[in-house]
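Worksheet: one structure, shown below.
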Amino acid sequence: MIEFVLDGRSRVATYMQLVVQVKQALRVGLLRPGDQLPKVRDVAEALAINPNTVLKAYRELVLEGLAEGRPGVGTFVTGSLAGPSLGHQGQLRDELKTWLERAEAAGMSPDDIAALIETTIRGTRVPHDLS
Numbered sequence: 001m002i003e004f005v006l007d008g009r010s011r012v013a014t015y016m017q018l019v020v021q022v023k024q025a026l027r028v029g030l031l032r033p034g035d036q037l038p039k040v041r042d043v044a045e046a047l048a049i050n051p052n053t054v055l056k057a058y059r060e061l062v063l064e065g066l067a068e069g070r071p072g073v074g075t076f077v078t079g080s081l082a083g084p085s086l087g088h089q090g091q092l093r094d095e096l097k098t099w100l101e102r103a104e105a106a107g108m109s110p111d112d113i114a115a116l117i118e119t120t121i122r123g124t125r126v127p128h129d130l131s
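First residue of the sequence shown? That's 1 in the UniProt record's numbering, and the numbers climb one at a time after it.
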């Protein structure tokens, strides 16, 4: 089951933070087709937000083909974003944890680490269309 966390400092709308977290959970296999998303009321209470915000996030997931609402039952995952390398993610996650511990020991803040990762990702992307 996914547990949502909001970043009050983020400029990203609250509903979109929820959408992004569901997509991340789908990418790493924490959520799979058939899984039920947390009840709207439960998310709203846990995060102290308006239930309409959660509904908006879930509607966005439906529009993107990643979930479906079942009246009286809940919202269920229908799509997947998991890549073919899902089986290797456990080992990669362990290596990343080790790297993060080394980065923190070297005095890097979470913002420093995030900036390094973002710039590295942007700098190593291979264009999809080389023609």
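Here a beta-carbon is modelled for each residue, glycine too, at the ideal position from N, C-alpha and C.
These numbers were taken from a predicted model, which means no experiment stands behind them.
Using a Cβ-Cβ cutoff of less than 7 Å, which residues in the same chain neighbour residue i once the five nearest sequence positions on both sides are dropped?
i, result
"VAL54", "LEU18, VAL40, VAL43, ALA44"
"PRO51", "VAL40, ARG41, ALA44"
Among residues of its own chain, excluding the 5 on either side of residue i, which ones have a beta-carbon nearer than 8 Å to its beta-carbon?
i, result
"LYS56", "TYR15"
"SER109", "none"
For residue i, count the other beta carbons within 10 Å of its own beta carbon; 16 or more makes it buried, fewer makes it exposed. Which is it?
i, result
"LEU26", "buried"
"VAL22", "buried"
"VAL77", "buried"
I need the DSSP call for residue i, collapsed to helix, strand or coil.
i, result
"THR78", "coil"
"ALA114", "helix"
"GLY72", "coil"
"ALA44", "helix"
Between which two residues does the alpha helix (DSSP H) harbouring residue i extend?
i, result
"ALA57", "51-63"
"LYS39", "Looking at the DSSP string, LYS39 is not in any alpha helix (DSSP H), and its letter there is neither H nor E."
Using a Cβ-Cβ cutoff of less than 6 Å, which residues in the same chain neighbour residue i once the five nearest sequence positions on both sides are dropped?
i, result
"ALA106", "none"
Within this structure, are the beta carbons of residue i and residue j separated by less than 7 Å?
i, j, result
"LEU37", "THR75", "yes"
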